[in-house]
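Engineer:
Residue numbers (the working numbering): 3 to 435.
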């Protein structure tokens, strides 16, 4: 009996723990939940500080802050501390500022100089005041440009594009400040001093687009702060796309429609010599990895480019805990076609889910020579990916007709776009009943 009882208890040791352990975890869970509910900005600041250095986790936490209506702002030489910090005015809930040490190419020494000077003598009044007070060899071209791109000098009211275009003038002003100080010290008893322009000479420069700002933030901070390049598409296709953070909750071995911006693409050669891809995409809620098997890759080869905005129809894996999606159909998104793609994919969900093939009673026949097929092949694949719909595409070659792995939307605008690729009088449209 004792042996039998022991054998029953033994498996529990592989996953069980005693009551005191459970009680301790319960207390910690309660305390952190209380802090998050009652001191949300302070709590999320602490979480960000704990994950400092892990850009994937920081991105997920920043998104959680957005969901909680907590503002997370780029670094600022007047408001930022070394690390993430809560900044607030009396009577206001507060915001979270990125720390200056989060900026790539801005070393710890110059961060300490900037922070210490501000702490001891107050905020920097303007660009000239900043350059006059921060006199250090590490305030060089690389660190100045990184401060500008990350938004740390936005507080001076000058667009990042204009500041970047004037980086040489900014450095020249800084150099003159240092030379003036050295010369004035040497001429202390001679009664002479060096005069200096009181303003940095700033030539005109183009204002930076939001897309460029986001690119710089991602490059230097590891995360998008001001907005997200996929936000527009996620809002337009809200009823179609499953957020990447929610894929784990989807049924196993089931069709799912997701979207995101391509963050990285890795090629792998299979044993048979075919190419498959491991692709990381990200949306406003997080990132995930896709598997693109050889057959899908051959159909969608031109679409897997870093920075492309994609809508993907794929399957979730069978195993619980495995969150890769197996890509099947892929569509390139732009601001003009996002709603059309969303509608087309939504309309096709039932046939995708059941695996049924729709009858090809609506067709577009494109007539090409063999040379034209080789010449226009990649452009046509990209074109088909941009305008998914219910018209089956056929490529008519001399002595052969090929059914393409694509169905496209059809209207006058799309007809004009097709003509720009293959020329006029190269296609016929059949609209079935």
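Where is the CB? At the ideal position from N, CA and C, for every residue including glycine.
Quick one: give me the first and last residue of the alpha helix (DSSP H) that residue 241 is part of.
Structural biologist: Unbroken run through residue 241: none, as it is neither H nor E.
Engineer: Assign residue 8 to one of three DSSP states: helix, strand, or coil.
Structural biologist: helix
Engineer: Between residue 249 and residue 258, is the Cβ-Cβ spacing less than 8 Å?
Structural biologist: yes
Engineer: So if DSSP puts residue 211 in a beta bridge, which residue, or which two residues, is it bridged to?
Structural biologist: Paired residues: none, contrary to the question.
Engineer: Does residue 212 pass the burial test, meaning 16 or more other C-beta atoms within 10 Å, or should it be called exposed?
Structural biologist: exposed
Engineer: Shortest alpha-carbon distance to residue 407 belongs to which of 424, 380, 368 and 331?
Structural biologist: With respect to the C-alpha of residue 407, the residue from 424, 380, 368 and 331 having the closest C-alpha is 331.
Engineer: Leaving aside the five residues before and after residue 176 along the sequence, list all residues of the same chain whose C-beta is less than 7 Å from its C-beta, in chain order.
Structural biologist: Once the five neighbours on either side are set aside, the close Cβ partners of residue 176 are 133 and 141.
Engineer: What did DSSP end up calling residue 230 once you bin it into helix, strand or coil?
Structural biologist: coil
Engineer: Taking contact to mean 3 or more Cβ pairs, one atom from each stretch, closer than 8 Å, check whether the stretch 148-162 and the stretch 216-225 are in contact.
Structural biologist: yes
Engineer: Can you tell me where the alpha helix (DSSP H) with residue 379 in it begins and where it stops?
Structural biologist: It spans 372-388 - the alpha helix (DSSP H) in which residue 379 sits, taken as one unbroken run.
Engineer: Does residue 285 come out as helix, strand or coil in the three-state DSSP assignment?
Structural biologist: strand
Engineer: Per DSSP, what kind of secondary structure is residue 37 in: helix, strand or coil?
Structural biologist: helix
Engineer: Can at least three beta-carbon pairs, one atom from the stretch 303-313 and one from the stretch 80-96, be found at a separation below 8 Å?
Structural biologist: no
Engineer: Which residues in the same chain have their Cβ closer than 7 Å to the Cβ of residue 113, if we skip the five residues on either side of it in sequence?
Structural biologist: 84, 102 and 103.
Engineer: What does the alpha-carbon distance come out to for the pair residue 417 and residue 334?
Structural biologist: Rounded to the nearest angstrom, the two C-alpha atoms are 18 Å apart.
Engineer: Within 10 angstroms of the Cβ of residue 400, are there 16 or more other Cβ atoms? Answer buried if so, exposed if not.
Structural biologist: exposed
Engineer: Work out the CA separation of residue 206 and residue 183 for me, nearest whole Å.
Structural biologist: 29 Å
Engineer: Nearest to residue 377 by alpha carbon, out of 236, 423 and 340?
Structural biologist: 423
Engineer: What distance in whole Å lies between the Cβ atoms of residue 261 and residue 292, which are believed to be in contact at a cut-off of 8 Å?
Structural biologist: With 8 Å as the limit, residue 292 and residue 261 do not qualify as a contact, their Cβ atoms being about 11 Å apart.
Engineer: Tell me the DSSP secondary structure of residue 88 in three-state form.
Structural biologist: strand
Engineer: From the DSSP secondary-structure annotation, give me the bridge partner or partners of residue 404.
Structural biologist: 397
Engineer: Using DSSP bridges, identify the partner residues of residue 430.
Structural biologist: 367
Engineer: From residue 192 to residue 121, what distance separates their C-alpha atoms?
Structural biologist: Confidence at residue 192 is low in this model, with a pLDDT of 46, below 50, so the placement of that residue is unreliable and no value is reported for it.
Engineer: Can you list, in chain order, the residues of its chain whose CB lies under 6 Å from that of residue 438, leaving out five sequence neighbours each side?
Structural biologist: Nothing about residue 438 can be reported from this structure: the residues present for the chain run from 3 to 435 only.
Engineer: Among 54, 111 and 287, which has the Cα closest to the Cα of residue 67?
Structural biologist: For residue 67, the nearest C-alpha among the options comes from 287.
Engineer: What is the DSSP secondary structure of residue 2, reduced to helix, strand or coil?
Structural biologist: This structure does not reach residue 2, given that the chain is present from 3 up to 435, and the question cannot be answered.
Engineer: Residues bridged to residue 292 by DSSP?
Structural biologist: According to DSSP, residue 292 bridges with 281 and 327.
Engineer: Run through DSSP, which three-state label would residue 21 get?
Structural biologist: helix
Engineer: Under a Cβ-count criterion, where at least 16 other Cβ atoms within 10 Å of its own Cβ denotes burial, should residue 46 be classed as buried or exposed?
Structural biologist: buried
Engineer: Kindly list the residues whose CB is nearer than 8 Å to the CB of residue 340, restricted to its own chain and excluding five residues on each side of it in sequence; keep chain order.
Structural biologist: 234, 235, 238 and 239
Engineer: My output table needs one value for residue 317: the three-state DSSP class, helix, strand or coil.
Structural biologist: Three-state DSSP puts residue 317 in a strand.
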